[in-house]
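Q: Pasting a structure here, questions to come.
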Amino acid sequence: MLRNLLRTTTSQNFQIIPVRYKQAKFPKTDKKLQAAAESLASRGFLRPNKPWDPPTDINETIVKICSENGLKNDSEFDSLEVKYTVLKACFDETGHSVPNSLLHTIETVDDLKHFYNTPIDTKTPFDALKKMDLPKNLHVQEDYVRFHPDKDTLFNGKSVFPKSSTIVSGLKTRKKYEGYIAKRSWP
């Protein structure tokens, strides 16, 4: 009986993953955090969202909309109709809507305030790095130069890697950069 009691208390705090010849124990992660990590891994970091910088009076706007629908600051959404009318009124007032993937996370008025107070930045990490104040020994080259033997004037078309081709595989970069296939002496 003591063994069963100890087993239940230890299994609540740790996730047991079977590994060959032994079991590894890792702390359990929050399900929302784990779902967000899996979503980032499968879809990437940049979502097709519009940028959002919350205005200074957003809390007063949300309180006004909620009070018009009979909700207080600490109340929950009782029915889906009330939740829909509040979210629709918030969208009409602010122009910023709650995405479908986050609808289930908004259960109270505080959750709604937290969502509308969170800014959304749509810059990629590379774009953010270009605008950062970097140390003197670190530089970000935005428009890099690609070697092409027909257009190179500095070394008269002679490459450092004479048998290496430059293959441009990206759809957007194909329009910007021209690739070439190097001549080989051996088939």
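Under the numbering used here, the first residue of the sequence shown is numbered 989, with each subsequent residue one higher.
In this text, a Cβ means the ideal position worked out from N, Cα and C, and glycines have one as well.
On a predicted model such as this, the values are computed, not experimentally measured, just so you know.
Can at least three beta-carbon pairs, one atom from the segment 1149-1169 and one from the segment 1132-1141, be found at a separation below 8 angstroms?
A: yes
Q: With a threshold of 16 other CB atoms inside 10 Å of the CB of Val-1097, please say whether the residue is buried or exposed.
A: buried
Q: Report, in whole angstroms, the separation of the C-beta atoms of Pro-1043 and Asp-1109, which I expect to be a contact under 8 angstroms.
A: The beta carbons of Pro-1043 and Asp-1109 sit about 16 angstroms from each other, so the pair does not count as a contact at 8 angstroms.
Q: Assuming Ile-1053 and Asn-1105 make a contact with CB atoms under 8 angstroms, what is their CB distance in whole Å?
A: Actually they do not touch by this definition, with Cβ atoms about 15 angstroms apart.
Q: Would you list the residues sitting across from Trp-1040 in a DSSP beta bridge?
A: Secondary-structure assignment with DSSP links Trp-1040 through a beta bridge to Ile-1108.
Q: Report yes if the C-beta distance between Asp-1041 and Pro-1107 is below 7 angstroms; otherwise report no.
A: yes
Q: Measure the Cβ-Cβ separation of Val-1070 and Asn-1088 and say whether it is below 7 angstroms.
A: no
Q: Pick helix, strand or coil for Glu-1095, following the three-state DSSP scheme.
A: coil
Q: Which residue marks the beginning of the alpha helix (DSSP H) containing Tyr-1072, and which one marks its end?
A: 1068-1082
Q: DSSP state of Glu-1064, grouped into three classes?
A: strand
Q: Name, in chain order, the residues that DSSP records as bridge partners for Tyr-940.
A: Look at the range of the chain in this structure, 989 to 1175, and you will see that residue 940 is not part of it.
Q: Give the secondary structure of Val-1051 by DSSP, where H, G and I count as helix, E and B as strand, and everything else as coil.
A: helix
Q: To the nearest angstrom, how far is it from the Cα of Thr-998 to the Cα of Glu-1048?
A: Caution is warranted here: a pLDDT of 49 is assigned to Thr-998, below 50, making its placement in the model unreliable, and the coordinate value is therefore given only provisionally. Those two C-alpha atoms are separated by around 46 angstroms.
Q: By Cβ distance below 6 angstroms, which residues in the same chain neighbour Lys-1171 in space, the five residues on each side in sequence not counted?
A: none
Q: Please confirm whether Ile-1050 and Lys-1101 have their CB atoms less than 7 angstroms apart.
A: yes
Q: Tell me, to the nearest whole angstrom, how far the beta carbon of Phe-1103 is from that of Leu-1090; I am working on the premise that it is less than 8 angstroms.
A: 7 angstroms
Q: Identify the continuous alpha helix (DSSP H) that holds Lys-1124 and give its terminal residues.
A: Per DSSP, Lys-1124 belongs to no alpha helix (DSSP H) and is neither H nor E.
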